[in-house]
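These notes are about the structure you will find just below.
Numbering (our numbering), first residue to last: 272 to 529.
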């Protein structure tokens, strides 16, 4: 039996596509998390926990306390969101030793140029290093991508394809298709939303803005029918071609290697 459990709220990053209710990050005290986990184990026989954080483990002192605490329960657990520049071998070793088997990162792209557009605050080498460390410690991850940001081109997609070719062929036993490619969403309160307004993708009148908000609400960013291809400044057919091209790129790399 598994459950999602938040260990913190908020994020230290300021990505241009990501909505934030509050600034900064607040970690739940470890003793409080311990009482919640004990209740879940005793009352519901929970054996697997997904820590539903966006910025798990940025506070290293909190992370040490958390790992020491959760290890006592003998659970398996995973991380829903970590930053690629906030991990090191000693931290992953500590996490794995306390039952962690999986960690997800907001890698978003394999292009250094797009990382700057997204204001990720990390380097492309950080993405590669995170993938290598996860493989080194025998853990799993899913590469999460955001396609169609402003200035996205065939060239930046090819760079992302190179990253997928590398990440998807580190192990023969792991599926090369374990990645998620979603389309950029211009959400209210984000720089991307204001960009959409400035270039006319989102209407300036109240009625036009409301029409856009109704259109984009409750939509899956993975859906081909939910694309604002104008954000990238590229033709719709080109934007639609990017995701299947990435799947073909990783498939060919895996077949060639194995």
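Just so it is clear, CB atoms sit at the ideal spot from N, CA and C, and this is done for glycine as well.
Note that this is a predicted model, so its numbers are computed, not measured.
Kindly indicate the opening and closing residues of the alpha helix (DSSP H) around residue i.
i: residue 362; result: 360-368
i: residue 403; result: 395-407
i: residue 436; result: 425-438
i: residue 446; result: Residue 446 -> no alpha helix (DSSP H), and no H or E assigned at all.
i: residue 515; result: 507-528
i: residue 485; result: 477-487
List the residues that DSSP assigns as beta-bridge partners of residue i.
i: residue 346; result: DSSP output for residue 346 lists no bridge partner at all.
i: residue 411; result: 373
i: residue 454; result: 418
i: residue 285; result: Bridge partners of residue 285: none, in fact.
i: residue 280; result: 297
i: residue 320; result: 274, 348
Got a sec, what are the start and stop residues for the beta strand (DSSP E) residue i sits in?
i: residue 297; result: 296-298
i: residue 534; result: There is simply no residue 534 to check, as the chain begins at 272 and stops at 529 in what is shown.
i: residue 275; result: 273-276
i: residue 500; result: Run containing residue 500: none; DSSP gives neither H nor E here.
Is the distance from the Cβ of residue i to the Cβ of residue j below 9 angstroms?
i: residue 447; j: residue 522; result: yes
i: residue 272; j: residue 316; result: yes
i: residue 226; j: residue 374; result: The requested residue 226 is not part of the displayed model; the chain covers only 272 to 529.
i: residue 443; j: residue 319; result: no
Inter-stretch contact at 8 angstroms, needing at least 3 Cβ pairs: the region 382-398 / the region 412-428: yes
Cβ pair count under 8 angstroms reaching 3, the region 434-446 against the region 304-312: Under the 8 angstroms Cβ criterion, the region 434-446 does not count as touching the region 304-312, having fewer than three qualifying pairs.
Touch test, the region 278-286 against the region 326-337, Cβ-Cβ under 8 angstroms, three pairs minimum: The region 278-286 vs the region 326-337: in contact.
Cβ pair count under 8 angstroms reaching 3, the region 411-419 against the region 453-465: yes
Three or more C-beta pairs below 8 angstroms linking the region 384-404 and the region 283-301: yes
Segment contact, 8 angstroms Cβ cut-off, at least three pairs: the region 289-302 with the region 342-355: No: the two stretches stay apart, fewer than three of their Cβ pairs being nearer than 8 angstroms.
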